[in-house]
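Participant: Below you'll find the structure I mean.
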Amino acid sequence: MTDSCQKIGVFDSGYGGLTILRELRRRLPEYGWLYLGDNARAPYGARSFELVYEFTRQAVETLFARDCSLVILACNTASAKALRTIQQQDLPLIAPENRVLGVIRPTVEVLGDISRSGHVGLLATPGTVKSHSYRMELEKLSADMTVTEVAAPMWVPLVENGEADSPGADYFVKKYIDTLMASDPDIDTIVLGCTHYPMLLPKIRKYAPEGVTILPQGEIVADSLACYLKRHPEMECRLGKTATTEYLTTENPEKFNDIASLFMKDPVEARHICLS
Ligand code: DGL
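As structure tokens, this is what we get:
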């Protein structure tokens with residue numbers, strides 16, 4: 024494929040990155056999108072640093088081989104555990120002209136404009152919380168702000184199992200929000216630092232204290248990518264304006280299609296792929 028027909032790859036451990044893809048497509052509909060969900064090996068949330076890095080590197084190489092010169096790691100766990108190593112160690116060797124971007128930095132960049140108290144809460148997977156990536160990024164950008172990080176390990180399984188709207192989900196939604204707010208009652212902004220969590224938004228809004236801003240990442244990442252493409256015409260001109268979206272999954276495509284259609288509010292037709 025010629026260089027002016029390159030696509031934008033969007034990678035997630037499973038379905039969650041579709042909440043990011045939805046906003047990316049809404050904001051930048053003219054490009055060709057290739058989504059890759061490693062559903063067969065999801066969730067990544069409690070996996071070791073080494074495995075998340077290995078799986079993410081495989082996904083990035085696969086997307087590069089399928090004409091993606093730009094890849095978004097639309098997964099906080101992968102962004103937290105693999106992005107830096109891929110950018111600094113792998114990219115110069117395997118594809119120096121290509122770029123891989125994550126979701127944590129763009130999210131942290133907007134917090135200074137949103138939080139008035141300077142006290143931010145993060146709900147994310149155990150892996151993202153343990154990495155302290157949000158705290159480290161925030162310290163670099165806004166040293167006077169604090170972030171309290173709480174893991175919500177039951178939220179991804181609830182979404183993956185289609186239980187996001189069920190009455191049973193209320194207990195776990197309330198539990199982690201209460202834990203977070205008890206740790207720092209001055210929190211006025213809660214970052215949903217996992218791409219699955221927007222599927223729980225109605226319940227999250229129900230249990231969050233009034234006046235607390237809930238921050239999903241889709242629009243933030245889409246705005247950030249739009250700015251990136253303006254600042255990098257050398258990358259932008261390589262991207263085809265095909266207005267298409269393709270999907271790859273490491274799981275059974277029929278199963279993926281059923282669940283992904285709910286996320287995208289649009290029919291989805293995925294192809295199967297093996298990562299190694
Ligand atoms: N999508 C991942 C994230 O944003 C969470 C799902 C998982 O644990 O694989 O962190």
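Heads up, the sequence shown is in the working numbering, so the first residue is 24 and it goes up one at a time. Beta carbons are placed, not taken as given, at the ideal position from N, Cα and C, and that holds for glycine. Since the model is a prediction, treat every value here as computed from it, not as a measurement.
Find the nearest neighbour of GLY125 within the set ASP35, ALA175, SER138, judged by alpha-carbon distance.
Facilitator: Here the closest residue by C-alpha is ASP35.
Participant: Would you kindly work out how many angstroms separate the C-alpha atoms of ALA103 and ARG139, rounded to a whole number?
Facilitator: When rounded, the distance between both Cα atoms is 26 angstroms.
Participant: Using the C-alpha atoms, what's the distance from ARG89 back to ARG228?
Facilitator: Taking the straight line joining both Cα atoms gives about 39 angstroms.
Participant: Quick one: what does DSSP say ALA92 is sitting in, helix, strand or coil?
Facilitator: For the record, residue 92 in the displayed sequence is Ser; it is not Ala. In this structure, SER92 counts as strand in the three-state DSSP scheme.
Participant: To the nearest angstrom, report how far apart VAL170 and LEU238 are at their CA atoms.
Facilitator: The straight-line gap from Cα to Cα measures roughly 14 angstroms.
Participant: Count the other CB atoms, across all protein chains shown, that sit within 10 Å of the CB of ASP61; report buried if there are 16 or more and exposed otherwise.
Facilitator: Looking at its Cβ environment, which holds 16 or more other Cβ atoms inside 10 Å, ASP61 is buried.
Participant: Can you tell me where the beta strand (DSSP E) with PHE237 in it begins and where it stops?
Facilitator: In the sequence as displayed, the identity of residue 237 is Ile instead of Phe. Unbroken beta strand (DSSP E) run through ILE237: 236 to 238.
Participant: What is the rounded straight-line gap between the Cα of SER27 and the Cα of SER92?
Facilitator: Computed Cα separation, rounded: 10 angstroms.
Participant: Using the three-state DSSP reduction, which class does ASP35 fall into: helix, strand or coil?
Facilitator: Strand at ASP35.
Participant: Within a Cβ cutoff of 8 angstroms, which residues of the same chain sit near LEU44, ignoring the five residues on either side of it in sequence?
Facilitator: Correct list, in chain order: VAL33, TRP56, TYR58, ALA97, THR268, MET287.
Participant: Answer with buried or exposed for TYR194, where buried requires no fewer than 16 other C-beta atoms within 10 angstroms of its C-beta.
Facilitator: Exposed is the call here.
Participant: I'd like to know if the region 133 to 153 and the region 62 to 70 are in contact, where contact means that at least 3 CB-CB pairs between them fall below 8 angstroms.
Facilitator: They touch, by the three-pair rule.
Participant: With which residues is ARG294 paired in a DSSP beta bridge?
Facilitator: In DSSP, ARG294 forms a bridge with LEU271.
Participant: Determine, using beta carbons only, whether LEU262 and ALA82 come nearer to each other than 8 angstroms.
Facilitator: In this structure, ALA82 does not lie closer than 8 angstroms to LEU262 by Cβ.
Participant: Just reading off the alpha helix (DSSP H) that LEU262 is part of, what are its end residues?
Facilitator: LEU262 -> no alpha helix (DSSP H), and no H or E assigned at all.
Participant: Where in the region 125 to 149 do unbroken runs of the beta strand (DSSP E), each at least 3 residues long, occur, reported from the N-terminal end onward?
Facilitator: With a minimum length of 3 residues, the continuous beta strand (DSSP E) runs that stay inside the region 125 to 149 are 142 to 147.
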